[in-house]
Each structure stands twice: as structure tokens, then as C-alpha cells.
Amino acid sequence: MQVKKLSITYGKNQVLSNLDCKFETDKLNVILGPNGTGKTTLLDTIAGLNKHDEQALSGFPTQKQLAYKAQQLHFFPSLTVKQTIQLYAEIENHPKNFNKTSTMNTIYNQVIKGIIDKKIGKLSGGEKQVVLTYCNCLLDRELYLFDEPLSGVDINNANLIIKMIAALVTEKHKQVILTSHDIELFESFPINIVVLNHQKCMFSGTDHELLNATNKAQINDALRIILK
Amino acid sequence: MNKVKALYKVYIVSSLNNKVVFMYNLLLPIVYLLATNLKYFFQPVQTTNQELINTASYFWAYIIIVTLLNMVTFEMLSERESGYFKELFFIVGSKWHILLADLLAQVTILVLEITLFNIVFLVIFRTINFGILLGGLLATLLLTIPVTCSSCIFLILKVKAQTAPIIETITLFGMFTLLGIKNENTLIKIVNLLNPVEYLAQNSNNISLLMLGNIPSGTYVIQFITITTFYILIGVWGLSKFTISPIENRA
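Residue numbers (numbering that gives the first Met the number 0), protein chains in the order written: chain A, 0 to 227; chain B, 0 to 250.
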């Protein structure tokens, strides 16, 4: 999946300018960058929500083949967790023996079961992240977009969410692009990093390539150099 | 249809949880009915079917238009601004499915509301009138789709969450004020024909009278088809222009 010379403007505000980057189909693609550098704008553009030059994006599935979990955690507040999960399952027309990944089963037993009858509106931010990410993983799509899936989540649940998202790539052979501020949590998975800053892509490649390019041993140190 | 069915259930749960809106949509017209007509319960007067249906039809028009504006059109604007229309769109895959599911849920609730209202109405006037009972229900089932389509004109507006209730109130006020203006001026007549409240009142009136054997004129049928087609075209256009992403807040 390739982005070539992508430029996006909101009114008078240029958000992305001649952006070039690549996303891998067999890795977790993580978009990093300071706040306001266009990470959500890039996801929105991939999702077909922003007008752009048709040649700028190639290799991406159509809008109908996308799942997109937005950054803001809004959903029907009066629905229970059970009703929300049922909605996603019914929309996908899941059979009773629908094949969930092992990580999804773990998350269900460890986290979701305990809050199954709680209303979505009464959940904490972290709990909503877990539930809505779980629900998005129930959808059968080609490409999954997650905007800040770890926002407001404690370290234990963050690890479970990452494993659940990574299983989409490793077990279900789907494509995933997500944004985050915390690259260290992803280090144990095969990742492709895209770093955005100043309207452009500062780096696009694997974590090893990033470390080699900056001659650093730690990813966060390498990122600091790239973002300078 | 699977997606519409799943989402329909969600909208029913969500709507029934919203008791304040239910009260506003149904209780207010019942209170107004009681305030203006309770005397007829204690001192019955002779009224014709036409008079009763004419009176009831304006109440139905109010209940239907307020429900559709609050729970469908402006609800979509609110869902967009809060970010969850975007979330819904990528689950369901179609703006049409979302609108249809919400509309079907509101029609279900409207059938209950109109039935309850009609029972109170018939008790007050101490009569059993199948024109009113069936007419109200048929009007709800036949007229909500074109009226919802006409309200989709608001979907093209770049409206912020705080502004939407103001626009809704002004619109309702304007529609009901226009009802009171009876003028031979052609422009005013055309504007009144296009007024969704007038459309609801007039057509539910004629549907109810049809139940009692009154066949409408050819002119009326042509007028009904023309306005209904115009409303549907507005709906298709309005929904196609409706943006999924919020205007004010990023999501």
C-alpha cells in the first residue's frame, strides 16, 4: 500500500504536503508523530473521507473493505457491552461458531465478561477502548484502521489490545494501520513505522531500519533524532 | 437487510431510553388536547367525521414532524458531530442503511404514539371512529418516508452541534406559523403546499376520509404525487451531500 505525493488542506491549513510513504501488508503499520502532524488526516484520507489526487494512493482496499475505529470514543451510550458486541456480530452475520482469535477470547474472558452488562456510557475511557477495539476486530474486513487505540488505557489492557490487533495480521492475515504515541509497546511485533512531521513523512521502514539509520539502540532515541 | 435489522434494534433501545423526548413528542400534544377539548367530554357536542378527522390530523402532523426532526434528521447531525456517525458508517457501510434503520425505529415508535394519542382523542370526544384509528396509522406508515426525505435538506447544512436545536425550533415555528396564513397569493399557496406540516395534515386528513369511503379528487392525487416526488428527490440529494466526518470537532 503506497502513498505518493499526497497533499491535504483543510481550509487554509495545509496538513500534509507531498507526503510519500509505504505501508506493509504483513506487518503492523504504526504511524507516529507529534500532535497535529496529520496522523488522523492520513487515516481519514486512506478511509476515503478526504478529497485527494487519485494517483496519490495505490494498493489500498475500497472503503467497503475497511474497518475504522476513530479516536473519539463515542457510541450509543444506552447500549450495554453485550448489545454492542451483538450489533457488530449481527451486522457481520456471524455464525455461532465464528472464529475469533485466541487473543480475542482472552480479552473477552479477562476484561469484557466482567463488564458485559454495563452500559457503554458508564464505562471508563480505557474500558471503552477495549470494547470498541474488540468489536472492530469482529468485523471481517481487509484493512483495519485504529486511531490511537491505546489512548487512556492502562499498561495491562494496552498489551492485550496490541496483541488483539497484531493477531489480525499474524493469525488472520489482514492489514492494519494504526496511530500511536507509544512505539515501545509494539516492539515485540513485526512493525512498519511511518513517522510524520512538518507535513511530510520523515521515515518509513521497519524498527531495525530506523535503529540502523540513526545509529541508536533504543527506538525512542532514534525517533527523537528523526523528529529533530 | 441484515445490517438494517441489527441497527434497527439498536435505535429502538436507544430511543426508548430517551424518555424526555418521548414526553415532548407525545405528552405535550395530549396535554394541549386536554386543555382545549376536555370540555367536550363533559358536554358532548355533535361533530361530523370530517371535523373530528380535521382536528386530529393537525395533532398527528405535530407528533410526526417533531419525532422525525428530533430523532432522525437532527439526530444524524448530532451523531456526525459527536463522531459516532463515522464509527457507524464503517460498521454498516452505507449512509442509507443508517437512515433507514433509524427511520424504521421511529416509525415503530410513532405507530405507538399515534395509537395512544388516538385513544385519548376518541375518549375525549366519546366516539368510536375507525377513520381516526386507521387513518392515523396509515398516515404514519405512508407519509413518514417523504417527510423525512424533505427534512434531509438540513443534512447539507454545515451545522454545529450547538446551532442545530435553534434551527430546529425556528423551522418548527415557521412551519406552524405558515399553517395559519390563508392567502390567495400563488406564491404563498405553493409555499404552504411544500410545508411538511401542511402536507402531513392535509394528506392524513384525506387518508382518514378514504377509510370512511370518501374518494379524493384527481387534482388532489396529482398534487400529492408531485409533492411526494419532490420530497424524495430532496432526500436523495440531501443524503448524498451529507458528510460523514464532523465539521467542528475532529473524530
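Here a beta-carbon is modelled for each residue, glycine too, at the ideal position from N, C-alpha and C. All values reported here derive from a predicted model rather than from experimental measurement.
Report yes or no: is there a C-beta of chain A within less than 7 Å of the C-beta of residue i?
i	result
Asn-24 (chain B)	no
Val-9 (chain B)	yes
Ala-250 (chain B)	In this prediction, Ala-250 (chain B) has a pLDDT of 49, which is less than 50 and means its spatial position is unreliable; nothing more can be read from the coordinates.
Lys-85 (chain B)	yes
Phe-21 (chain B)	no
Asn-1 (chain B)	yes
Phe-89 (chain B)	yes
Gly-82 (chain B)	yes
Ala-163 (chain B)	no
Ile-104 (chain B)	Checking the sequence, you will find Ala at residue 104 (chain B) rather than Ile. So no, Ala-104 (chain B) is outside the interface.
Ser-14 (chain B)	no
Could you tell me whether any Cβ in chain B is nearer than 7 Å to the Cβ of residue i?
i	result
Leu-56 (chain A)	no
Ala-66 (chain A)	yes
Lys-11 (chain A)	no
Leu-48 (chain A)	yes
Is residue i helix, strand or coil by DSSP?
i	result
Asn-219 (chain A)	helix
Met-0 (chain B)	coil
Gln-161 (chain B)	coil
Phe-116 (chain B)	helix
Ala-157 (chain A)	helix
Gln-42 (chain B)	coil
Ala-100 (chain B)	helix
Gln-70 (chain A)	coil
Ile-262 (chain B)	Absent from the model: residue 262 (chain B). The displayed extent of chain B is 0 to 250, so no value can be given.
Leu-186 (chain B)	helix
Asn-16 (chain B)	coil
Leu-48 (chain A)	coil
Lys-85 (chain B)	helix
Asn-34 (chain A)	coil
Leu-156 (chain B)	coil
Ser-93 (chain B)	coil
For residue i, count neighbouring C-beta atoms within 10 Å of its own C-beta (all shown protein chains included) and say buried if the count is 16 or more, exposed if not.
i	result
Leu-25 (chain B)	buried
Ala-250 (chain B)	Confidence at Ala-250 (chain B) is low in this model, with a pLDDT of 49, below 50, so its placement is unreliable and the value that follows should be read with caution. Answer is buried; the Cβ neighbour count reaches 16.
Pro-164 (chain B)	exposed
Pro-195 (chain B)	buried
Ala-60 (chain B)	buried
His-172 (chain A)	exposed
Gly-130 (chain B)	buried
Glu-167 (chain B)	buried
Asn-28 (chain A)	buried
Ser-101 (chain A)	exposed
Asp-43 (chain A)	buried
Pro-245 (chain B)	buried
Ala-212 (chain A)	exposed
How would you write the range of the beta strand (DSSP E) that residue i sits in, first residue to last?
i	result
Lys-199 (chain A)	199–205
Asn-191 (chain A)	190–196
Thr-66 (chain B)	It is not in any beta strand (DSSP E) - Thr-66 (chain B) instead sits in the alpha helix (DSSP H) that spans 48–67.
Thr-178 (chain A)	174–178
Output the boundary residues of the alpha helix (DSSP H) element that contains residue i.
i	result
Leu-194 (chain B)	For clarity, residue 194 (chain B) is Asn in the given sequence; the question names Leu instead. Asn-194 (chain B) -> no alpha helix (DSSP H), and no H or E assigned at all.
Phe-145 (chain A)	Counting along the chain, Phe-145 (chain A) falls outside any alpha helix (DSSP H), though it belongs to the beta strand (DSSP E) covering 142–146.
Ser-6 (chain A)	Element bounds for Ser-6 (chain A): not the alpha helix (DSSP H) but the beta strand (DSSP E), 1–9.
Cys-148 (chain B)	129–150
Asp-43 (chain A)	38–45
Lys-127 (chain A)	124–137
Gln-62 (chain A)	Note, Gln-62 (chain A): premise wrong, no alpha helix (DSSP H); not H, not E.
Gln-85 (chain A)	80–90
Thr-102 (chain A)	101–106
Leu-33 (chain B)	27–36
Taking a cut of 7 Å between CB atoms, which residues from the stretch 74–108 of chain A lie near chain D?
The chain labelled as chain D is not found among the protein chains of the depicted structure, namely A and B.
Count Cβ pairs between the stretch 64–72 of chain B and the stretch 142–154 of chain B that sit closer than 8 Å; are there 3 or more?
Here the stretch 64–72 of chain B makes contact with the stretch 142–154 of chain B; the two share three or more CB pairs at distances below 8 Å.
Quick check: the stretch 124–140 of chain A against the stretch 81–94 of chain A, are there 3 or more CB pairs under 8 Å?
Inter-segment contact for the stretch 124–140 of chain A and the stretch 81–94 of chain A is present: three or more beta-carbon pairs are separated by less than 8 Å.
Three-pair Cβ contact test at 8 Å for the stretch 174–187 of chain B versus the stretch 120–129 of chain B:
With the rule of 3 Cβ pairs closer than 8 Å, the stretch 174–187 of chain B does not count as touching the stretch 120–129 of chain B.
Just checking, does the stretch 157–172 of chain A make contact with the stretch 198–206 of chain A on the three C-beta pairs under 8 Å criterion?
Flag = no, the stretch 157–172 of chain A and the stretch 198–206 of chain A do not touch.
Below 8 Å, can you find three or more Cβ-Cβ pairs linking the stretch 45–56 of chain B to the stretch 89–99 of chain B?
Look at the beta carbons and you see the stretch 45–56 of chain B not touching the stretch 89–99 of chain B: under three pairs across the two are nearer than 8 Å.
At least three beta-carbon pairs within less than 8 Å, the stretch 68–78 of chain B to the stretch 148–158 of chain B
They touch, by the three-pair rule.
Segment contact flag, the stretch 147–162 of chain A with the stretch 174–189 of chain A, C-beta cutoff 8 Å, min 3 pairs:
Output reads yes: the stretch 174–189 of chain A touches the stretch 147–162 of chain A.
Check whether the stretch 49–66 of chain A touches the stretch 3–11 of chain A, counting contact only when three or more Cβ pairs, one atom from each stretch, lie closer than 8 Å.
With the cut-off at 8 Å, the stretch 49–66 of chain A and the stretch 3–11 of chain A touch.
Contact between the stretch 101–119 of chain B and the stretch 16–34 of chain B: three or more CB pairs below 8 Å?
Verdict: yes, contact present.
Between the stretch 130–139 of chain B and the stretch 192–210 of chain B, can you find at least three pairs of beta-carbon atoms closer than 8 Å?
Three or more beta-carbon pairs separated by less than 8 Å link the stretch 192–210 of chain B to the stretch 130–139 of chain B, which places the two stretches in contact.
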